[in-house]
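What follows is one structure encoded as structure tokens, with my remarks underneath.
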Amino acid sequence: QAKDYVYRINELNKFFCKMEAGRISRRDIENYVDERMKSCSMTTVNYDLIALGLVMQFAERKEYIKYIPKFPKLDVSITNPRPAFTMEEWHALVHEIQERIKSAVGSKRIKQREQLHDFMVFSVHTGMRVNEVLSTKFKQCKIDKNKDGELCLIIKNVVGKNDVRNVVGLVGAVRAYERLKQRNEPNPGDLLFPQHHRDQLNNLLKEVGMKHDALGNVRNARSFRSTYIMFRLIYGTPIKDVATNCGNST
């Protein structure tokens, strides 16, 4: 997925490279769509627009542009976009679930919200697929330090789509893992997340107005993996390192 974003941004750059980001209009985007569809399917172009939307959101956040132009709606019958959260949205989402933990009544409700919180944090700080996170056991995890001396979480023998790999989680994953151990007092063979909490996450996203991104794409648990990828690329992590950690081909 990281490699896919780079490919799409390169394609976008071929068309928009001579335009100032702040002057790109809906008409310009429509012209791009018309030109791109001469050689690509509508589904491919829709993915291009998702990547462009993420770039525009980043530019607006950095105040490189004043506003994001409206995007044309494509009639794509089968798509599988995985829209990420912006940095501001992610921080707001974490703050909201933390506030809900504080206001929860009853030990069962508190634990459910704490588990969802740690699922979100663990996912965004590892880049693992949803099914990979849900299959992870405590015995696979080990706290270590990376080459810069920073705490990291090593998750061994993660079974992905095409391989079995070790995943290196950021310090946020370390903290989530520590909270999970303290809260659940697990056996080594126990799952970190025995439940998915799909409905709870869906309700949370709807209530805070983040179920859809700026382009109208639906968000769900898969969006956390996309968020990890975008954050790593923004912070300058080499594409190959991101792809390797996520279990994507390079």
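Here the sequence shown stands for residues 51 to 300, numbered as in our numbering.
Think of the CB as a built atom: it goes at the ideal place given N, C-alpha and C, for glycine as much as any other residue.
Since the structure is predicted, the reported quantities are computational estimates derived from the model, not experimental observations.
Can you tell me whether residue i is buried or exposed? The criterion is at least 16 other CB atoms within 10 Å of its CB, across all chains shown.
i              : result
arginine 248   : exposed
asparagine 295 : buried
arginine 282   : buried
glutamine 165  : buried
aspartate 98   : buried
aspartate 291  : exposed
glycine 239    : exposed
arginine 132   : buried
tyrosine 55    : buried
methionine 280 : buried
methionine 69  : exposed
Please report the distance separating the alpha-carbon of residue i from that of residue j.
i                 : j             : result
isoleucine 80     : asparagine 96 : For the record, residue 80 in the displayed sequence is glutamate; it is not isoleucine. In a straight line, the C-alpha of glutamate 80 is about 12 Å away from that of asparagine 96.
isoleucine 204    : lysine 88     : 45 Å
glutamate 146     : glutamate 85  : 42 Å
lysine 120        : alanine 154   : 39 Å
serine 173        : threonine 277 : 9 Å
alanine 293       : lysine 161    : 33 Å
leucine 242       : leucine 104   : 31 Å
methionine 92     : valine 83     : 9 Å
glycine 286       : glycine 156   : 43 Å
phenylalanine 108 : threonine 136 : 7 Å
phenylalanine 65  : isoleucine 59 : 10 Å
glutamate 61      : glutamine 232 : 47 Å
methionine 320    : glutamine 190 : For residue 320 there is no data in the structure shown, the boundaries of the chain being 51 and 300.
leucine 254       : histidine 246 : 14 Å
methionine 106    : cysteine 67   : 14 Å
alanine 142       : glycine 219   : 22 Å
lysine 192        : arginine 76   : 49 Å
glycine 199       : valine 221    : 11 Å
lysine 256        : histidine 262 : 8 Å
Can you name the residues that DSSP bridges to residue i?
i             : result
glycine 219   : Leu203
lysine 195    : Leu201
leucine 241   : Lys187
histidine 262 : Val268
valine 174    : Paired residues: none, contrary to the question.
valine 214    : Val209
Are residue i and residue j closer than 7 Å when you measure CB to CB?
i              : j                 : result
histidine 175  : alanine 134       : no
aspartate 168  : alanine 101       : no
glutamate 138  : methionine 260    : no
valine 180     : alanine 271       : yes
alanine 71     : tyrosine 114      : yes
asparagine 196 : lysine 206        : no
cysteine 202   : aspartate 213     : no
glycine 177    : arginine 269      : no
valine 208     : glutamate 228     : no
proline 244    : phenylalanine 188 : no
arginine 159   : isoleucine 151    : no
glycine 266    : glycine 210       : no
Put residue i into one of helix, strand or coil per three-state DSSP.
i              : result
histidine 167  : helix
histidine 141  : helix
valine 95      : helix
valine 209     : strand
valine 180     : helix
valine 292     : helix
serine 153     : helix
isoleucine 284 : helix
isoleucine 118 : coil
arginine 132   : coil
methionine 87  : coil
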